[in-house]
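Those protein sequences? They're chains A and B, same order as listed. Our numbering puts the first residue of the first sequence at 1, with every later residue one more than the last. Our numbering puts the first residue of the second sequence at 1001, with every later residue one more than the last. Ideal placement from N, C-alpha and C gives every residue a C-beta, glycine not left out.
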Amino acid sequence: MESGIDLQATFIQSLMDLGLPAGLAKAIWMPLPMLLMIIGATVGVLVSVWLERKISAAAQQRIGPEYIGPLGVLAPVADGLKLIFKEDTLPARADSFLFTLGPVLVVIPVFLSYLIVPFGQNLVVTDVGMGVFLWIALSSVVPIGLLMSGYASNNKYSLLGGLRAAAQSISYEIPLALAVLAVVMMSNSLSTIDIVKQQSGYGILGWNVWRQPIGFIIFWIAALAECERIPFDLPEAEEELVAGYQTEYSGMKFALFYLGSYVNLVLSALLVAVLYLGGWSFPVPLDLVAGLFGVGEANPILQIVTAGLGIAMTLLKAYFLIFLAVLLRWTVPRVRIDQLLDLGWKFLLPISLVNLLLTAALKISFPFAFGG
Amino acid sequence: MLKFLKQVGDYAKETIQAAKYIGQGLSVTFDHMQRRPVTVQYPYEKLIPSERFRGRIHFEFDKCIACEVCVRVCPINLPVVDWTFNAETKKKMLRHYSIDFGVCIFCGNCVEYCPTNCLSMTEEYELSTYDRHELNYDSVALGRLPYKVTNDPMVTPLRQLAYLPKGVLDPHDLPAGSQRAGQRPEEIAAQMAKPEAEKTEA
């Protein structure tokens, strides 16, 4: 499981064998993983919308979408088509440039953060050396988009909603970053691949969730707040402020907000899986199983099976977290804006600092277990 | 110093309690996922309306005496009673009767106050048409009896809450022949006859 399948090298090599120059082969390869990741993220959104509707229905003893496609799987497609065909309004005397730019700034950083999500040793768009830090920096661009959307709507309630949304987003960035910092301190690296590799080797016992239980909970709460999921969905709640900063949006621009909210949820679930639940590692270390069966490490079938299992495990862990998020949506009441900010600054921030100190102390005292 | 530690301890206790409450809530929500959905999948499953359900009004032309009480007691004076006075028989003769169900509010006042019981309410609620003028039922249409939901081969009829056996809340998959909670009139009569028989014996 050390090097896994190297798709890039084999693709470029096969193109060069066909006679193409090296530079052109590399240039042809470059957009492919990016395209695949964007398609993967969009399919992930469709699946997560369907999952949300089916799991919400089950929790409420209903059935959910049933007749739109088998088991209702075409329901998100129907949603998307409806939003495409709706009229894209612009409020009177609203700043049209900012109005259009707001949703764009909210959605693009989330898609961009998919660069760092690994599905396997070499199954990542690119191994950025400062992976998680890039994600945290990109998620800090989102409040600007929220403020733009709220201000440019020419609607005082949208403005208030936008201000609240930006305050929420900013307040929960710090506990998020501190929880990630504790994990990074243990892994001695910001790269997501190094973080997963540091957790592998011992199967389920090596995952970060056992060494960082408080950090896991802090990260999960802060991630839910960043995604504006219930119980933190005050800015866009259906009963509050009409729809907050999204009130004046319809058609494709609203579709961008809708899409961005689910893409963010899938991204957060994947990142929790990578940071705390061992990423692509199987509960039982696969090289042990391969050794038991006497299969060599360079066996191509083993490599394909390992890669496939890695992708499946990542998706399974992300699905479990999405399931938890949907269940939480129908369990917990919404928090008020003052309770929300209290939770972020007066509760999560001190606890995440304490968690960081504890991790540092444990790293010094037990370097073999906490990343020496 | 001690006070600070006590504050930290209280804070930690409250946090654990909050986590416990959320955990209990999550277990309730999760438990709901294994229950059967309560959805009545119209039009393949329909609820059987109750005995006093206020559906479409039924009119018996021959019983009507054209007293127009139904018009006076209706909140919007809706029924159109077309009668003339027949000079030979010295009686009112009803020529036509109609109710517009696009306007009717199904309150049942007319049914309650009709002196000859020619008006009654059926269990029909599926009155949609493509043209609102088709909702103006004349005396022929008012005289029709609705199609029973238990006779429809495409529909699984489901009973409402009052007609379910004791302790059952879900109308799906009821065993055949289950009766509603409470006794049937024959059983009550038998029970009343028994003590009387015992009294006469004693």
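- For residue 1059/B, the secondary structure class from DSSP, reduced to helix, strand or coil, is strand.
- Against residue 1037/B, the close residues of chain A are 61, 62, 63, in the order they occur along the chain (beta-carbon pairs closer than 7 Å).
- Contact between the segment 134-148 of chain A and the segment 106-121 of chain A is established, with three or more Cβ pairs separated by less than 8 Å.
- In this chain, the alpha helix (DSSP H) harbouring residue 213/A covers 213-226.
- Closest in alpha carbon position to residue 359/A, among 74/A, 335/A, 186/A, 283/A, is 186/A.
- Contact note: residue 331/A reaches chain B through 1022, 1025, 1026, 1028, 1029, using a C-beta cutoff of 8 Å and chain order.
- Exposed is the label assigned to residue 1117/B, since fewer than 16 other Cβ atoms lie within 10 Å of its Cβ.
- Taking CB atoms only, residue 327/A has a neighbour in chain B less than 8 Å away.
- For the set 326/A, 27/A, 271/A, 292/A, the Cα lying nearest the Cα of residue 118/A is the one of 271/A.
- Spanning the alpha carbons of residue 1022/B and residue 326/A requires a straight line of approximately 14 Å.
- According to DSSP, residue 1136/B shares a beta bridge with 1100/B.
- In the DSSP assignment, residue 1121/B is bridged to 1057/B.
- Short of 8 Å from the beta carbon of residue 12/A, and not among the five residues preceding or following it, lie these beta carbons of its own chain, in chain order: 22, 25, 26, 29.
- Linking residue 1189/B to residue 1148/B through their CA atoms gives a straight-line distance of about 30 Å.
- Residue state for residue 1095/B is assigned as strand, using DSSP reduced to three classes.
- Pairing residue 199/A with residue 73/A, the inter-Cα distance amounts to about 35 Å.
- Per DSSP, the beta bridge partners of residue 1045/B are 1156/B.
- Beta-bridge annotation (DSSP): residue 1082/B is paired with 1096/B.
- In this structure residue 1107/B is not in contact with residue 1078/B, their Cβ atoms being roughly 10 Å apart against a cut-off of 8 Å.
- A buried status is given to residue 277/A, since no fewer than 16 other beta-carbon atoms sit within 10 Å of its beta-carbon.
- Shown here, residue 371/A sits in coil according to DSSP, grouped into three states, outside any helix or strand.
- Assignment of residue 70/A by DSSP, reduced to helix, strand and coil, places it in the helix class.
- The segment 136-156 of chain A and the segment 84-101 of chain A touch, with no fewer than 3 CB-CB distances between them shorter than 8 Å.
- Neighbours of residue 1154/B in chain A, taken as residues whose beta carbon is under 7 Å from its own, are absent, since the nearest beta carbon is some 16 Å off.
- Excluding five sequence positions before and after residue 33/A, the CB atoms of its chain that fall closer than 7 Å to its own CB belong to 125, given in chain order.
- For residue 1172/B, no CB of chain A lies under 8 Å from its own CB, so it is not counted at the interface with that chain.
- Considering only 351/A, 107/A, 356/A, 323/A, the residue with the shortest C-alpha distance to residue 1015/B is 351/A.
- Contact between residue 1114/B and residue 1070/B holds: CB atoms are separated by about 6 Å, below the 8 Å threshold.
- Counting only runs of 4+ residues, the alpha helix (DSSP H) found wholly inside the segment 252-331 of chain A occupies 286-292, 300-329, in chain order.
- For residue 361/A, no CB of chain B lies under 8 Å from its own CB, so it is not counted at the interface with that chain.
- The alpha carbon of residue 265/A has as its nearest neighbour, out of 85/A, 196/A, 221/A, the alpha carbon of 221/A.
- With fewer than 16 other CB atoms across the displayed protein chains lying within 10 angstroms of its CB, residue 1004/B is exposed.
- Its chain contains 266 as the residues whose beta carbon lies nearer than 6 Å to that of residue 44/A, once the 5 sequence neighbours on both sides are disregarded; these appear in chain order.
- Cβ-Cβ distances below 7 Å link residue 317/A to 273, 277 in the same chain, with the five nearest sequence neighbours on each side left out; the list follows chain order.
- Counting C-beta atoms within 10 angstroms of its own C-beta, residue 354/A has fewer than 16 neighbours from the protein chains shown and is therefore classed as exposed.
- Check the Cα spacing between residue 1139/B and each of 1031/B, 1002/B, 1027/B, 1083/B: the tightest is with 1083/B.
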